[in-house]
Amino acid sequence: MAQCILKIALDTPLNAVFDYRWEGEDGALPQVGQLALVPFARREVVGLIVGLAEHSDVPVEKLKDALAVRGQLSPLTAEWLALAGFAADYYQRPLGEVALPGIPKNLRVLTTVALDRAIKKLGKLEDKHDHTPLNMPALNAEQQAAADHIGGALGYQPALLYGVTGSGKTEVYLQACAQVLAREPEGQILILVPEINLTPQLEGNIRARFPGVMLATLHSSLSEGERMLHWLAAHQGRARIVLGTRLAVLASLPRLKLIVIDEEHDPSYKQQEGLRYSARDLAVWRAWQLKIPIVLGSATPSLESWHHAQGGRYRKLELRERAVKSAVLPKVKLIDMERDKPRDGLTSQLVAALKLRMERGEQSLLFLNRRGYAPVICCESCGWISDCKRCTSFMVLHKPEHRLRCHHCSLEMRIPRHCPTCGNIDLQPVGRGTQRVEEGLQALFPEARILRIDADSTRKKGSAQEAFDTVHRGEVDILVGTQMVAKGHDFKKLTLVGIMNPDTALFSQDYRASERLFAQLMQVAGRAGRAAQVEGGSPAEVLIQTRYTQHPLYSAVVNHDYDHFASALLAERKQAALPPYLFQALLRAEAPELATAIEFLTLARDCRQWEGVTLNDPIPMTMTRVHNVDRAQLLVESASRPVLQAFLKEWMQALRDTKTRVKWSLEVDPLDI
1 MAQCILKIAL
11 DTPLNAVFDY
21 RWEGEDGALP
31 QVGQLALVPF
41 ARREVVGLIV
51 GLAEHSDVPV
61 EKLKDALAVR
71 GQLSPLTAEW
81 LALAGFAADY
91 YQRPLGEVAL
101 PGIPKNLRVL
111 TTVALDRAIK
121 KLGKLEDKHD
131 HTPLNMPALN
141 AEQQAAADHI
151 GGALGYQPAL
161 LYGVTGSGKT
171 EVYLQACAQV
181 LAREPEGQIL
191 ILVPEINLTP
201 QLEGNIRARF
211 PGVMLATLHS
221 SLSEGERMLH
231 WLAAHQGRAR
241 IVLGTRLAVL
251 ASLPRLKLIV
261 IDEEHDPSYK
271 QQEGLRYSAR
281 DLAVWRAWQL
291 KIPIVLGSAT
301 PSLESWHHAQ
311 GGRYRKLELR
321 ERAVKSAVLP
331 KVKLIDMERD
341 KPRDGLTSQL
351 VAALKLRMER
361 GEQSLLFLNR
371 RGYAPVICCE
381 SCGWISDCKR
391 CTSFMVLHKP
401 EHRLRCHHCS
411 LEMRIPRHCP
421 TCGNIDLQPV
431 GRGTQRVEEG
441 LQALFPEARI
451 LRIDADSTRK
461 KGSAQEAFDT
471 VHRGEVDILV
481 GTQMVAKGHD
491 FKKLTLVGIM
501 NPDTALFSQD
511 YRASERLFAQ
521 LMQVAGRAGR
531 AAQVEGGSPA
541 EVLIQTRYTQ
551 HPLYSAVVNH
561 DYDHFASALL
571 AERKQAALPP
581 YLFQALLRAE
591 APELATAIEF
601 LTLARDCRQW
611 EGVTLNDPIP
621 MTMTRVHNVD
631 RAQLLVESAS
641 RPVLQAFLKE
651 WMQALRDTKT
661 RVKWSLEVDP
671 LDI
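Mapping of the sequence shown onto full-length UniProt numbering: residues 1 to 673, in sequence order.
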């Protein structure tokens, strides 16, 4: 009989691993990295074995027995456990809260019989072991150089693939993958994309290029059963290519040889709840850990990555030309809204451009990053506005559903027939969302085929891909969309992009707002003119409606000049001592009353002082109240990442020992301050 102490990590806020007795009947000891079923409190839960010991600090008679070990699964590797351990240490979370959610739920809750059935089902899937790529198009010189560098890289070699929109970055990824699979037939490749709606197009390209290679996809839209099968395919090493969103960075990939991060600048790579990790940063650490190459691709790299490339930490690979020879970058023009007054949100120049494209059978895109019909309704008699009763925000008008809806707490109500304050029945919508723009276009162009793509129109599973397929088939004349349409999509017939209402981001208190706006404008502008220009067709054009035509950000967009814009922003950040020249963490507190949250943060600020670390005064969050809960924050800064990490480790332990009813959380490297 084999006896030992199992050290097990559980998905619990307690910052500890738990000891359990093991007395096996077959004489075999469990292995580190296996899953074990154990009693915890009054439940039976699955935990991860992270260590074996002969003795425990807890008296043996007080230890509970582990109930079973999931022997059907091969253990998670030491490298994967080290990745989970690094994420737990860096983001100041218990190991179990990092490791267990990274494993599909079904592997933790299924019975032994059901788990055996799933593994057997996976075993029946055909694995052709044929890595020969098909239909390999010729690359231009810049693409070929980039693909050869990535595909031939050995050891840890981070590269920033900086290419203009439409320069063929995806083709570079695919041909680099072909080189790696040819050199490492048993190897695995991880490809990350920022959003779920970008996976179908890339998945189709990969399957067409590598029909004999098993592909696994990992994202939150999969059912639990699908996610488990795909995760198992990756864990067993059978899936040679794994494509996914940020959660895929924690997938078990025992033979990983290359990591690709597409649109690396995208803030969607940062988890905004629970474990607030950056998938991009964890991917870079994972590549360093495994001594494998990693490529970060973008037309508008994050300032952190650009800073690393300028400083030599990343190798910069450039694609300055569009992949299709006769496809040129669109011409960007600014429309002064002070001179060309818009009607129903559209200036006369933009209306004329839309009409021209329709006459020529070409497609247009109107981009407005605000869903709903109107941001707010108001009473012009007394000044009443449709604010949310539970949040410091407005109730957005959704006219087709006849509802007011808060986009923060999801509170809904019918549109009032009269003003709740003065009884006036003439309530007016203020501002424009995608629904109102769509309505205006239908009145202006009744014969046009208009399609709106936003979070409201794509709620059903598969509806987003169906909508994009409709555009690709040419069955849409004018596409109205939010950021969902701004990146990654290759619309062959699209020659006009109109950008509405971008000015609000120019005056944000967030120091990252200008960086994000520039990236957004460049990405959505890049949807135009990606195919070769047809003889007699319209040249690709981007029209930006603005009241600030002299703003330097718009000048950089007009000139497609990311280099100069990024250099200017980095100089500002350095002078102001902001990231990437400074490292930050943000402590957030939530309470029924704002004063309670501020009081807790004040105590947290005063409980520790640390040389080289600045603790700023607690302040209310920009969105102070959400769902009847008040929120405040405390910003911590240091010029040294190791110094900040050392402080956070001790500070978090002190806060965990503090008795408080305030709900608090820490975010390292916050994106939203």
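Cβ coordinates follow ideal geometry from the N, Cα and C atoms, glycine included.
| request: Look up T546 in the DSSP assignment and say whether it is helix, strand or coil. | output: In the structure shown, T546 sits in a strand (DSSP, three-state: E or B).
| So, is N501 buried or exposed, given that buried needs 16 or more other C-beta atoms within 10 angstroms? | By the 10 Å Cβ count, N501 comes out buried.
| message | Beta-carbon within less than 8 Å of A287's beta-carbon, same chain only, minus the 5 sequence neighbours each way: which residues are those? | response | Y156, P158, I259, P293 and I294
| CB-CB length for V497 against P330, believed under 8 Å | 7 Å
| request: Output the distance between the C-alpha atoms of S638 and A540, rounded to the nearest integer angstrom. | output: 46 Å
| query | Considering only the beta carbon of each residue, do M484 and A464 sit closer than 9 Å? | reply | yes
| Length at least 3, wholly inside the segment 125 to 176: the beta strand (DSSP E) runs in chain order | 158 to 163
| task | From the DSSP output, in three-state form, read off A216 for me. | result | strand
| Does the Cβ of V534 have 16 or more other Cβ atoms within 10 Å, making it buried, or fewer, making it exposed? | Because the pLDDT of V534 is 49, which lies under 50, any placement of that residue in the model is unreliable, and the number read from its coordinates should be weighed accordingly. When all chains shown are included, V534 counts as exposed.
| Between the beta-carbon of R209 and the beta-carbon of L134, is there less than 9 Å? | yes
| query | Any idea what DSSP makes of R516, helix, strand or coil? | reply | helix
| DSSP three-state assignment for E667, whether helix, strand or coil | strand
| Starting from R436 and walking both ways along the alpha helix (DSSP H), at which residues does that stretch end? | T434 to L444
| said: Comparing C-alpha positions only, which one of P30, P552 and Y173 sits nearest to G297? | reply: When only C-alpha atoms are compared, the closest one is Y173.
| request: Kindly identify the DSSP beta-bridge partner or partners of E304. | output: None; E304 has no bridge partner.
| task | Name the residue from G225, A248 and I103 whose alpha carbon lies nearest to the alpha carbon of L76. | result | I103
| said: Let me check one thing: in DSSP terms, what residues is Y20 bridge-paired to? | reply: L6
| field | T630 - containing beta strand (DSSP E), residue span | value | It is worth fixing the name first, because residue 630 is Asp in this sequence and not Thr. It spans V629 to S638 - the beta strand (DSSP E) in which D630 sits, taken as one unbroken run.
| Any idea which residues DSSP pairs G244 with across the strands? | L192 and L218
| message | Going residue by residue through the segment 353 to 385, where are the continuous beta strand (DSSP E) segments of at least 3 residues, counting only ones entirely within it? | response | 363 to 367 and 376 to 379
| field | Bridge partner(s) assigned by DSSP for residue 752 | value | Only positions 1 to 673 of the chain appear in this structure, which leaves residue 752 out of reach.
| query | Among T622, Q645 and A279, which residue has its Cα nearest to the Cα of V193? | reply | A279
| Using the beta-carbon count (16 or more within 10 Å), is K121 buried or exposed? | exposed
| Rounded straight-line distance, which links the Cα of A519 to that of G237 | When rounded, the distance between both Cα atoms is 36 Å.
| query | When the distance is taken between beta carbons, is I189 closer than 9 Å to L282? | reply | no
| field | Segment contact, 8 Å Cβ cut-off, at least three pairs: the segment 82 to 99 with the segment 51 to 58 | value | no
| Touch test, the segment 161 to 171 against the segment 214 to 221, Cβ-Cβ under 8 Å, three pairs minimum | no
| request: Since I believe V242 is in contact with L253 (beta carbons under 8 Å), could you give me their beta-carbon distance rounded to a whole number of angstroms? | output: 6 Å
| field | Where V662 sits in the DSSP three-state scheme | value | DSSP places V662 in coil when its eight states are reduced to three.
| query | DSSP three-state call for A36: helix, strand or coil? | reply | DSSP places A36 within a strand segment (E or B) once states are collapsed to three.
| query | Opposite Q428 in the DSSP bridges: which residues? | reply | C378
| message | Which of the three DSSP states is assigned to K649 in this structure? | response | Helix at K649.
| query | Taking the alpha carbon of I425 as the point to measure from, which residue in L397, C379, R432 and E195 has its own alpha carbon closest? | reply | C379
| request: For L179, name the three-state secondary structure that DSSP assigns. | output: With the sequence shown as reference, residue 179 is identified as Gln, and Leu is not the correct amino acid for it. Helix, per DSSP.
| query | So, helix, strand or coil for P211, using DSSP? | reply | coil
| said: Let's test the definition: count the other Cβ atoms within 10 Å of the Cβ of I598 and tell me whether it reaches 16, buried, or not, exposed. | reply: buried
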